[in-house]
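Chemist: Below is one structure. I have some questions about it.
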Amino acid sequence: METRRKNSKISSYQILWSCLLIGMLDRFCLGWTPHSPPPLLLTSSRNCRRNSNIYHRTSAFERYLGLFSSVDDDESSDDDIPPPEPPEVTRQLPDPTPPCVIKVLGVGGGGGNAVNRMIETQIEGVSFWAINTDAQALSKSRAPNVLNIGRALTRGLGAGGDPVIGKKAAQENLKELERICKGSDMVFITAGMGGGTGSGAAPILAEVAKANNALTVGVVTKPFAFEGRKRMVQAEEAIEALRKHVDTVIVVSNDKLLRIVPDNTPVTDAFLVADDILRQGVVGISEIILKTGLVNVDFADVRAVMKDAGTALMGVGTGVGRNRAADAAIAAISSPLLDFPIQKSKRIVFNIVGGATMGLQEINEASEVIYENADDNANIIFGALVDETMGEEISITVLACDFEDLSLPDQSKAMQVGKDESSKPSVSLVRDPNYYRERRKNTQSPLGPDASLEETRVAMTRGFKKPGESSMKSSEEYDNEKRRRLWGFLRRFSRRKD
Numbered sequence: 009m010e011t012r013r014k015n016s017k018i019s020s021y022q023i024l025w026s027c028l029l030i031g032m033l034d035r036f037c038l039g040w041t042p043h044s045p046p047p048l049l050l051t052s053s054r055n056c057r058r059n060s061n062i063y064h065r066t067s068a069f070e071r072y073l074g075l076f077s078s079v080d081d082d083e084s085s086d087d088d089i090p091p092p093e094p095p096e097v098t099r100q101l102p103d104p105t106p107p108c109v110i111k112v113l114g115v116g117g118g119g120g121n122a123v124n125r126m127i128e129t130q131i132e133g134v135s136f137w138a139i140n141t142d143a144q145a146l147s148k149s150r151a152p153n154v155l156n157i158g159r160a161l162t163r164g165l166g167a168g169g170d171p172v173i174g175k176k177a178a179q180e181n182l183k184e185l186e187r188i189c190k191g192s193d194m195v196f197i198t199a200g201m202g203g204g205t206g207s208g209a210a211p212i213l214a215e216v217a218k219a220n221n222a223l224t225v226g227v228v229t230k231p232f233a234f235e236g237r238k239r240m241v242q243a244e245e246a247i248e249a250l251r252k253h254v255d256t257v258i259v260v261s262n263d264k265l266l267r268i269v270p271d272n273t274p275v276t277d278a279f280l281v282a283d284d285i286l287r288q289g290v291v292g293i294s295e296i297i298l299k300t301g302l303v304n305v306d307f308a309d310v311r312a313v314m315k316d317a318g319t320a321l322m323g324v325g326t327g328v329g330r331n332r333a334a335d336a337a338i339a340a341i342s343s344p345l346l347d348f349p350i351q352k353s354k355r356i357v358f359n360i361v362g363g364a365t366m367g368l369q370e371i372n373e374a375s376e377v378i379y380e381n382a383d384d385n386a387n388i389i390f391g392a393l394v395d396e397t398m399g400e401e402i403s404i405t406v407l408a409c410d411f412e413d414l415s416l417p418d419q420s421k422a423m424q425v426g427k428d429e430s431s432k433p434s435v436s437l438v439r440d441p442n443y444y445r446e447r448r449k450n451t452q453s454p455l456g457p458d459a460s461l462e463e464t465r466v467a468m469t470r471g472f473k474k475p476g477e478s479s480m481k482s483s484e485e486y487d488n489e490k491r492r493r494l495w496g497f498l499r500r501f502s503r504r505k506d
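What follows is the structure in structure tokens.
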């Protein structure tokens, strides 16, 4: 009797140890035994796979005690098995393109005034900085970001008109200037040359911006002649130093303000005109990049034109009325405040902005004016933007770079165009709007010299009378001519974009 109890007691221990060992083996097997693959859309072997899945989900202890029972095919059906869940689909979209980072840095008193003028016009998408050695001037600046350079050297009292002090002040704050320029795609540096901070610090700032792989554009002014020879010499030297470190530099001569403003214009208003020219340069280029138009010009296009382009010509023109597109183009390429003509430019980009009524034919007319005045081999790209706030007005911004020869004839002769009827501008000069219109009127035609500008324009469009021909083309011939010119324009545009 005791032997039986002992044997039964031993059997209980054996069962207990077996369960423990089976449990350990169960965990080991579940960790290393592969499970069945996800169910496929095949009904013939669905039950077999289900049994396999149930087997793997059942512990080894249950299998040892016989608690696992197979599922017969007769007892199960396809309806008992829930349909497999569809795999989760995630669409990998590319990261959004970061916006083009454009910064405008106003250096010195003149550059700070230009920045204030730009902020008044509420330019969007541009970051403004005012950089100066004069702490008092910075306290009155409207720029959201200011930097007082050279505090240890000047104690915030300015450079005193000495470019050497302005240069040392910029070198004192090189780390701050690097942080400003870091991450920028395009940097405008505006300054009034001839003083201390603008002349000395602008080239240093341009060097820092260029080292950070930013497209660097300088938009600067030259002083009035009455400000003295020393100031003019300092301005010329500063412009040459700036040209070495920028991709493009736009130079505006203040002396030309005297030729375009009325005689009784106050001095403060004359300087506002110069600030507005700097504003137009920055706004025109920024709108080309930041605004999407009918014919889009992106930052890559602008960079291709302005990269290492040297001196640039920038002009902005507007037009209204029947010939508004041509008038705007003429005004843009004949800006009296800019030093160099468009004829010798190798790279040109221009942007046409008009209201909802602007037509493709008008874009063609404006482009023909610019093509006619540009070099035959020039790389020309353009954009067209519809802005309903323009109403019936068309505005054109032209930027011409990479000039072949900067040696110009006497500029005073160019300014006499339109005043002296006997004078004819040289082919290397920007054609004055009056000359351009007079050239149309003086074209020999059966209409005679007293014909109105509108009659002459229509006659030149439809063709003048030739021996044995009618004076005007027929309506069908006129339509075919317009269609031919339009298709020629579109083909020329497609070749340029390719």
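Counted the way our numbering counts, the sequence shown spans residues 9 to 506.
Glycine is no exception: its CB is placed at the ideal position from the N, C-alpha and C atoms.
#1: Using a Cβ-Cβ cut-off of 7 Å (strictly less than) and excluding sequence neighbours within five positions of Gly456, which residues of its own chain qualify?
#2: According to DSSP, which residues form a beta bridge with Ile139?
#3: Does DSSP put Asn387 in a helix, in a strand, or in coil?
#4: Measure the CB-CB distance between Ala122 and Gly114 and report whether it falls below 8 Å.
#5: Helix, strand or coil: how does DSSP classify Ile293 here?
#6: Taking all protein chains shown into account, decide if Asp440 is buried (16 or more other Cβ within 10 angstroms of its Cβ) or exposed.
#7: According to DSSP, simplified to helix, strand and coil, what is Asp284?
#8: What is the rounded straight-line gap between the Cα of Gly318 and the Cα of Asp410?
#9: Measure the alpha-carbon distance for Pro171 versus Leu298 and round it to whole angstroms.
#10: With distances taken Cα to Cα, identify the nearest neighbour of Glu373 among Asn385, Asp335, Met398, Ala364.
#11: With a cut-off of 8 Å on the beta carbons, I'd call Ile285 and Met194 a contact; round off their distance for me.
#12: Following the continuous beta strand (DSSP E) through Cys409, name the residue where it begins and the one where it ends.
#13: Got a sec, what are the start and stop residues for the beta strand (DSSP E) Val377 sits in?
#14: CB-CB under 6 Å to Arg332, same chain, minus the five flanking residues each way: which ones, in chain order?
#15: Taking 7 Å as the limit between beta carbons, can you name the residues of its chain near Leu146, skipping five residues before and five after?
#16: Going by DSSP, which residues form a beta bridge with Ile197?
#17: Taking just the CA atoms, how far does Lys175 sit from Ser207?
#18: Around the Cβ of Ala364, are there at least 16 other Cβ atoms within 10 angstroms (buried) or fewer (exposed)?
#19: What separation, rounded to the nearest whole angstrom, lies between the Cα atoms of Leu213 and Gly327?
#20: Quick one: residues in its chain with C-beta nearer than 7 Å to the C-beta of Ala199, no 5 flanking neighbours on either side, listed in chain order?
#21: What did DSSP end up calling Ala392 once you bin it into helix, strand or coil?
#22: What residue from Asn220, Asn272, Ala337 has the CA that sits closest to His253's CA?
#23: If you compare alpha carbons, which of Ala160, Lys354, Val377 is closest to Ala339?
#24: Contact check, Val269 vs Ala278 under 8 Å by CB: the rounded distance?
#25: Can you tell me where the alpha helix (DSSP H) holding Ala320 begins and where it ends?
#26: Which complete alpha helix (DSSP H) runs does the stretch 239–274 hold, if anything under 4 residues is left out?
#27: From Val260 to Arg330, what distance separates their C-alpha atoms?
#28: Please name the residue, chosen from Asp306, Arg267, Asp283, Asn385, that lies closest to Glu128 on a Cα-to-Cα basis.
#29: Going by beta carbon distance, what residues of the same chain come within less than 7 Å of Gly168, once the five residues before and after it are set aside?
#30: In the DSSP assignment, the beta strand (DSSP E) including Ser353 goes from what residue to what residue?
#31: Just checking Glu180 against the ligand ZN - is the residue's beta carbon closer than 7 Å to any of the ligand's heavy atoms?
#32: So the candidates are Thr276, Gln179, Ala392; which of them puts its Cα closest to the Cα of Asp357?
#33: Hey, would you say Ala512 sits closer than 8 Å to Arg355, going by beta carbons?
#34: Apply the 10 Å Cβ neighbour rule to Gln351 and answer buried if 16 or more other Cβ atoms are within range, or exposed otherwise.
#35: Would you mind working out which of Ala382, Met366, Thr405, Asn381 sits nearest Val394, comparing C-alpha positions?
#36: Which residue wins for smallest C-alpha separation from Ile296, given the options Asp306, Leu302, Gln288?
Modeler: With the given structure in hand:
#1: Low confidence applies here, because Gly456 scores a pLDDT of 45, under 50, leaving its location unreliable; read the following figure in that light. If we look at Gly456 and ignore the five residues flanking it on each side, it has no Cβ neighbours.
#2: Under DSSP, the beta-bridge partners assigned to Ile139 are Val115, Leu155.
#3: Three-state DSSP puts Asn387 in a strand.
#4: For the pair Ala122 and Gly114, the CB atoms are nearer than the 8 Å cut-off.
#5: It is helical.
#6: Only weak support exists for where Asp440 lies, its pLDDT of 44 falling under 50; the value from the coordinates is given anyway. Under this definition Asp440 is a buried residue.
#7: Here DSSP, grouped into helix, strand and coil, assigns Asp284 to helix.
#8: Each residue's alpha carbon lies about 6 Å from the other.
#9: Here the alpha carbons of Leu298 and Pro171 stand approximately 35 Å from one another.
#10: Of the candidates Asn385, Asp335, Met398, Ala364, the one whose C-alpha sits nearest the C-alpha of Glu373 is Asp335.
#11: Incorrect: roughly 19 Å between the Cβ atoms, too far for contact.
#12: From DSSP, the beta strand (DSSP E) with Cys409 extends over 402–411.
#13: Membership of Val377 in any beta strand (DSSP E) is not indicated; the residue belongs instead to the alpha helix (DSSP H) covering 368–381.
#14: Excluding sequence neighbours, Arg332 sits near Ile402.
#15: Within the same chain, and ignoring the five residues on either side of Leu146 in sequence, the residues whose Cβ sits closer than 7 Å to its Cβ are Ala138, Asn140, Val154, Asn156.
#16: Ile197 is bridged to Leu113, Gly226.
#17: Their Cα atoms are separated by approximately 8 Å.
#18: Label assigned to Ala364: exposed.
#19: Taking the straight line from one Cα to the other gives about 37 Å.
#20: Taken in chain order, the residues that qualify are Val115, Gly116, Gly118, Gly119, Gly206, Ala210, Val228.
#21: Three-state DSSP puts Ala392 in a strand.
#22: Nearest C-alpha to His253: Asn220.
#23: Closest by alpha carbon: Val377.
#24: Rounded, the Cβ-Cβ distance is 5 Å, consistent with contact.
#25: Membership of Ala320 in any alpha helix (DSSP H) is not indicated; the residue belongs instead to the beta strand (DSSP E) covering 318–327.
#26: Correct list: 265–268.
#27: Val260 and Arg330: Cα-Cα distance of roughly 31 Å.
#28: Asp283 is the residue among Asp306, Arg267, Asp283, Asn385 whose C-alpha sits nearest the C-alpha of Glu128.
#29: These residues qualify, in order along the chain: Gly204.
#30: Run containing Ser353: 353–362, per the beta strand (DSSP E) assignment.
#31: This structure does not include the ligand ZN; it has no bound ligands of any sort.
#32: It should be pointed out that residue 357 corresponds to Val in this sequence rather than to Asp. Among Thr276, Gln179, Ala392, the Cα nearest to that of Val357 is on Ala392.
#33: There is simply no residue 512 to check, as the chain begins at 9 and stops at 506 in what is shown.
#34: With 16 or more other Cβ atoms within 10 Å, it is buried.
#35: For Val394, the closest of Ala382, Met366, Thr405, Asn381 by C-alpha to C-alpha distance is Met366.
#36: Taking only the C-alpha atoms, the option nearest Ile296 is Asp306.
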